[in-house]
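Student:
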Amino acid sequence: MIKTLRSQNHSLASGQEQLRFLSNGIFGSDKLPTFREKIDTLGEFPLKPTNIEIFQVNVGYMCNQVCKHCHVDAGPDRKEIMGRETMQRCLDIMSKTNIHTLDLTGGAPEMNPDFRWFVEEAHKVGVKEVIVRSNLTIILANPKYHDLPEFFKKNGVRVVSSLPFYQPDKTDRQRGEGVFVKSIEALQMLNAVGYGKEGSGLYLDLVYNPGGAFLPGNQAELERDFKKELKNHYGIDFNSLFTITNLPISRFLDFLIRTENYEEYMEKLVNSFNPAAVKGVMCRNTISVDYDGYMYDCDFNQMLGLKVDKQAGQHINDFNLENLENRHIAISQHCYGCTAGAGSSCQGTVA
Amino acid sequence: MEKTYYDPADLKKFGDVADFQPELAKKFFDYYGDVFKDGALTAREKSLIALAVAHAVQCPYCIDAYTSDSLEKGATEQQMMEAVHVTTAIRGGASLVHGVQMMNKVKKLSM
Ligand code: SF4
Ligand code: SF4
Numbered sequence: 001m002i003k004t005l006r007s008q009n010h011s012l013a014s015g016q017e018q019l020r021f022l023s024n025g026i027f028g029s030d031k032l033p034t035f036r037e038k039i040d041t042l043g044e045f046p047l048k049p050t051n052i053e054i055f056q057v058n059v060g061y062m063c064n065q066v067c068k069h070c071h072v073d074a075g076p077d078r079k080e081i082m083g084r085e086t087m088q089r090c091l092d093i094m095s096k097t098n099i100h101t102l103d104l105t106g107g108a109p110e111m112n113p114d115f116r117w118f119v120e121e122a123h124k125v126g127v128k129e130v131i132v133r134s135n136l137t138i139i140l141a142n143p144k145y146h147d148l149p150e151f152f153k154k155n156g157v158r159v160v161s162s163l164p165f166y167q168p169d170k171t172d173r174q175r176g177e178g179v180f181v182k183s184i185e186a187l188q189m190l191n192a193v194g195y196g197k198e199g200s201g202l203y204l205d206l207v208y209n210p211g212g213a214f215l216p217g218n219q220a221e222l223e224r225d226f227k228k229e230l231k232n233h234y235g236i237d238f239n240s241l242f243t244i245t246n247l248p249i250s251r252f253l254d255f256l257i258r259t260e261n262y263e264e265y266m267e268k269l270v271n272s273f274n275p276a277a278v279k280g281v282m283c284r285n286t287i288s289v290d291y292d293g294y295m296y297d298c299d300f301n302q303m304l305g306l307k308v309d310k311q312a313g314q315h316i317n318d319f320n321l322e323n324l325e326n327r328h329i330a331i332s333q334h335c336y337g338c339t340a341g342a343g344s345s346c347q348g349t350v351a
Numbered sequence: 001m002e003k004t005y006y007d008p009a010d011l012k013k014f015g016d017v018a019d020f021q022p023e024l025a026k027k028f029f030d031y032y033g034d035v036f037k038d039g040a041l042t043a044r045e046k047s048l049i050a051l052a053v054a055h056a057v058q059c060p061y062c063i064d065a066y067t068s069d070s071l072e073k074g075a076t077e078q079q080m081m082e083a084v085h086v087t088t089a090i091r092g093g094a095s096l097v098h099g100v101q102m103m104n105k106v107k108k109l110s111m
């Protein structure tokens with residue numbers, strides 16, 4: 001199993017160090033325009049939010065997997081975890097605002113001991129949609145998780161699961177030996193309770209991200225392939241496939257540097273910059289909350305330690321919708337990942 | 001400094017060929033762009049064909065570009081290697097089938 005950057009005492013375990021790296025090199029030497037320069041020419045700087053509709057809450061960095069591309073640097077050794085009090089504060093905010101979606105992420109969000117409580121309470125306060133970003137294997141990791149599919153069903157949770165490819169080798173190379181077989185079994189368990197089946201109202205979406213330093217292909221075409229292959233070989237049904245670009249931060253950034261792919265990958269992102277994607281970047285309608293209750297423009301900024309603009313109030317205890325909707329979004333070169341090609345967000349392409 | 005005929009960085013300069021002859025270059029690049037769009041063949045199928053042809057013409061730039069492009073288009077590694085085998089089969093077969101000419105000649109010359 002690979003190690004987290006944190007447990008290697010790697011310099012890139014620090015968000016500041018990553019930001020420093022991203023601002024120097026080919027960007028510092030003016031070989032490539034910075035993201036700020038790029039959006040400035042479009043009149044999109046400073047990047048501003050629209051309406052905040054989604055609360056993406058990262059309930060902890062602990063995970064049963066250690067995937068090579070993980071932007072969270074999650075793993076079994078990460079202990080940061082959200083407590084009930086912080087969850088309660090998020091619920092209070094959602095009950096008083098028009099934020100309609102609670103998007104739970106991690107690590108493996110299911111490993112947080114208050115995860116089920118949080119999901120149940122969200123429905124009580126009238127959150128319209130609860131999304132769980134599940135890595136699938138967690139469902140099989142321990143008997144206490146075996147009933148997660150029923151729990152998800154009972155609470156009408158939308159399940160969004162990573163499955164980088166419909167073949168075992170590519171998936172296992174990226175996510176760890178044996179992950180593919182377990183993911184398939186977990187998907188079958190979700191199907192068995194109705195997830196991904198037409199008319200069930202239980203949504204199961206899959207997430208594809210490239211297995212290396214290249215961009216994702218056409219979302220509709222890959223969805224067709226995934227549907228055909230997973231159905232034919234394993235009898236699996238799902239709703240949508242979201243293609244996501246690997247952002248150059250954390251373990252993926254480390255991979256890019258170690259394999260001497262960094263410059264070429266950044267050039268590719270910059271050359272594929274799509275002005276139309278800027279309008280749909282997810283930081284415009286989402287607020288990302290960390291285990292300690294601090295707020296960020298997105299999960300990537302969270303991992304880089306880039307909190308929301310100070311004037312907007314950086315902690316959920318100082319939550320103020322108006323201030324947040326008027327803030328300037330913090331950006332750096334990693335944002336090129338969201339605006340390359342067809343664009344990339346937690347819901348797949350944006351342009 | 002090491003001198004070689006091929007430099008990976010030159011691939012990015014492909015568009016610069018327009019500097020010496022813009023009109024013809026434009027025609028070529030417009031045509032090139034259209035060829036690789038989805039048509040009766042999908043863009044992915046075309047990328048795999050390009051990968052196979054790149055091996056036939058042994059163009060390192062094209063091998064580089066269409067390896068990335070095939071991966072991006074969601075081709076599997078097996079599909080990509082099979083494309084290379086198609087090249088090999090045709091190239092090998094093309095040599096071998098000329099063996100018939102050789103045999104014809106042998107037969108003609110032999111008593
Ligand atoms: S499953 Fe998700 S959170 Fe866990 S290591 Fe993999 S990418 Fe990171
Ligand atoms: S990385 Fe975050 S801040 Fe940057 S464009 Fe993407 S969502 Fe927005």
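Residue numbers (my numbering), protein chains in the order written: chain B, 1 to 351; chain S, 1 to 111. Beta carbons: idealized from backbone N, C-alpha and C, even for Gly. Since the model is a prediction, treat every value here as computed from it, not as a measurement.
1. Establish whether the CB of residue 45(S) and some CB of chain B are separated by less than 7 Å.
2. Please find out if some non-hydrogen atom of ligand 2 comes closer than 6 Å to the beta-carbon of residue 49(S).
3. Apart from the five residues just before and just after residue 216(B), which ones in its own chain have a Cβ nearer than 7 Å to its Cβ?
4. Going straight from the alpha carbon of residue 292(B) to that of residue 54(B), what length do you get?
5. Ends of the alpha helix (DSSP H) at residue 47(S)?
6. Sort 220(B), 232(B), 339(B) and 238(B) by Cα distance to residue 73(S) and report the nearest one.
7. Rounded to whole angstroms, what is the Cα-Cα separation between residue 178(B) and residue 324(B)?
8. Taking 7 Å as the threshold (beta carbon to beta carbon), is residue 214(B) in contact with chain S?
9. Between residue 146(B) and ligand 2, is there a pair consisting of the residue's CB and a ligand heavy atom that are separated by less than 6 Å?
10. Report the rounded CA-to-CA distance for residue 311(B) versus residue 6(B), giving the unit in angstroms.
11. May I have the straight-line CA-CA distance separating residue 193(B) from residue 153(B), to the nearest angstrom?
12. Could you give the uninterrupted runs of the alpha helix (DSSP H) lying entirely in the stretch 289-346 of chain B, keeping only those of 4 residues or more?
13. Would you kindly work out how many angstroms separate the C-alpha atoms of residue 189(B) and residue 50(S), rounded to a whole number?
14. At a cut-off of 6 Å, is residue 334(B) close to ligand 2 when judged by its beta-carbon and the heavy atoms of the ligand?
15. Rounded to the nearest angstrom, what separates residue 333(B) and residue 32(B) at their Cα positions?
16. Got a sec? Which residues, its chain only, sit under 7 Å from residue 223(B) by beta carbon, not counting five neighbours each side?
17. Closer than 7 Å by beta-carbon distance: list the chain B residues that pair up with residue 76(S), in chain order.
18. Would you mind stating whether residue 135(B) and residue 290(B) have Cβ atoms separated by less than 7 Å?
19. Counting only Cβ-Cβ distances shorter than 7 Å, please list the residues of the stretch 59-73 of chain S near chain B, keeping chain order.
20. Check the DSSP bridge columns for residue 75(B) and list the partner residues they point to.
21. Quick check on the contact list: which residues have their beta carbon closer than 7 Å to a heavy atom of ligand 1?
22. When the cut-off is 7 Å and only beta carbons count, does residue 25(B) lie next to chain S?
23. Beta carbons nearer than 7 Å to chain D: which residues of the stretch 222-240 of chain B have them?
24. Express the C-alpha separation of residue 37(B) and residue 162(B) in angstroms, rounding to a whole number.
25. Just reading off the alpha helix (DSSP H) that residue 160(B) is part of, what are its end residues?
26. Hey, how far is the Cα of residue 70(B) from the Cα of residue 8(B)?
27. Report the option in 53(S), 42(S) and 15(S) whose CA atom is closest to the CA atom of residue 30(S).
28. What is the DSSP secondary structure of residue 31(S), counted as helix, strand or coil?
29. Would you say residue 343(B) reaches chain S, if we count a Cβ-Cβ gap shorter than 7 Å as a contact?
Tutor: On the basis of the coordinates in this document:
1. No - not a single Cβ of chain B is within 7 Å of the one on residue 45(S).
2. No, the beta carbon of residue 49(S) sits no closer than 6 Å to any heavy atom of ligand 2.
3. Cβ within range, chain order: 208, 209, 210, 243, 244 and 245.
4. Rounded to the nearest angstrom, the two C-alpha atoms are 18 Å apart.
5. Counting along the chain, the alpha helix (DSSP H) containing residue 47(S) begins and ends at 43-56.
6. Closest in C-alpha terms to residue 73(S), from the list 220(B), 232(B), 339(B) and 238(B), comes 220(B).
7. Going from the Cα of residue 178(B) to the Cα of residue 324(B) covers about 43 Å.
8. It does; some Cβ of chain S falls within 7 Å.
9. Shortest gap from the CB of residue 146(B) to any heavy atom of ligand 2: 6 Å or more.
10. As the crow flies, the alpha-carbon of residue 311(B) is around 31 Å from that of residue 6(B).
11. Rounded to whole angstroms, the gap between the alpha carbons of residue 193(B) and residue 153(B) is 7 Å.
12. Qualifying alpha helix (DSSP H) stretches, in chain order: 299-304, 321-325 and 336-339.
13. Here the alpha carbon of residue 189(B) sits roughly 41 Å from the alpha carbon of residue 50(S).
14. In terms of side-chain proximity, the C-beta atom of residue 334(B) is found nearer than 6 Å to a non-hydrogen atom of ligand 2.
15. Roughly 10 Å between the two C-alpha positions.
16. Cβ neighbours of residue 223(B) beyond the five flanking positions: 240 and 241.
17. For the C-beta of residue 76(S), the chain B residues within less than 7 Å are, from N- to C-terminus, 167.
18. Not closer than 7 Å, so no.
19. Cβ proximity to chain B below 7 Å picks out 68, 71, 72 and 73 from the stretch 59-73 of chain S.
20. Answer by DSSP bridge pairing, in chain order: 62(B).
21. A distance filter of 7 Å between CB atoms and the heavy atoms of ligand 1 selects the following residues in sequence order: 63(B), 65(B), 66(B), 67(B), 69(B), 70(B), 72(B), 74(B), 75(B), 106(B), 107(B), 108(B), 135(B), 162(B) and 175(B).
22. Judged by the 7 Å Cβ criterion, residue 25(B) is not in contact with chain S.
23. In the displayed structure, chain D is absent; the protein chains listed are B and S.
24. Residue 162(B) and residue 37(B): Cα-Cα distance of roughly 33 Å.
25. DSSP places residue 160(B) outside any alpha helix (DSSP H); the residue lies instead in the beta strand (DSSP E), whose first and last residues are 158-162.
26. Between residue 70(B) and residue 8(B), the C-alpha separation is close to 15 Å.
27. Of 53(S), 42(S) and 15(S), the residue nearest in Cα terms is 15(S).
28. Three-state result, residue 31(S): helix.
29. No - not a single Cβ of chain S is within 7 Å of the one on residue 343(B).
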